[in-house]
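One structure is given here, and the rest of the page talks about it.
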Amino acid sequence: ADDTQGGTFTITNHGVSGSIFAMPIINQPQAAILGIGAMQKRAVVVSEGGFDAIAIRQMCYLSLTFDHRLIDGATADGFLAIVKRTLEQYSA
Numbered sequence: 006a007d008d009t010q011g012g013t014f015t016i017t018n019h020g021v022s023g024s025i026f027a028m029p030i031i032n033q034p035q036a037a038i039l040g041i042g043a044m045q046k047r048a049v050v051v052s053e054g055g056f057d058a059i060a061i062r063q064m065c066y067l068s069l070t071f072d073h074r075l076i077d078g079a080t081a082d083g084f085l086a087i088v089k090r091t092l093e094q095y096s097a
């Protein structure tokens with residue numbers, strides 16, 4: 006617990022143990038915690054050249070728990086949308 010003292014935001018990788026989804030609880034007085042599930046191959050619809058196709062992609066679930074007394078829901082949703090977009094556009 007010493008390594009989380011004085012923080013305002015936590016990222017937890019519960020996926021390291023194989024869990025695909027969880028709802029982590031805020032460690033007060035922190036404002037939010039982002040949970041990241043295990044990466045798994047999934048069939049998804051992709052659009053390329055104006056056509057839809059089914060492709061296999063590495064996917065994971067993200068869950069954001071936040072204190073509504075500190076953060077508006079629209080702001081939290083916007084943050085999660087930016088994280089999603091950044092991860093989708095990442096190229097190694």
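Position 23 of the sequence shown, counted from 1, bears residue number 28 in the working numbering, the numbering being contiguous throughout. Ideal Cβ positions, reconstructed from N, Cα and C, are used throughout, including at glycine.
Look at the Cβ atom of ILE16, then the Cβ atom of PRO29, and state whether they are nearer than 7 Å. In terms of Cβ geometry, ILE16 and PRO29 do not form a close pair [threshold 7 Å].
If you draw a straight line from the C-alpha of ASP82 to the C-alpha of ALA43, how long is it? Cα to Cα, the separation comes out at about 21 Å.
In angstroms with no decimal places, state the Cα-to-Cα distance between LEU92 and SER52. Straight across, the Cα-Cα distance linking LEU92 with SER52 is about 17 Å.
Quick one: grab the DSSP three-state call for ALA48. In this structure, DSSP gives ALA48 an extended state, which the three-state scheme calls strand.
What does the alpha-carbon distance come out to for the pair GLY12 and PRO34? Rounded to the nearest angstrom, the two C-alpha atoms are 8 Å apart.
Taking GLY78 as part of the alpha helix (DSSP H), name the residues at either end of that continuous run. Counting along the chain, the alpha helix (DSSP H) containing GLY78 begins and ends at 78-94.
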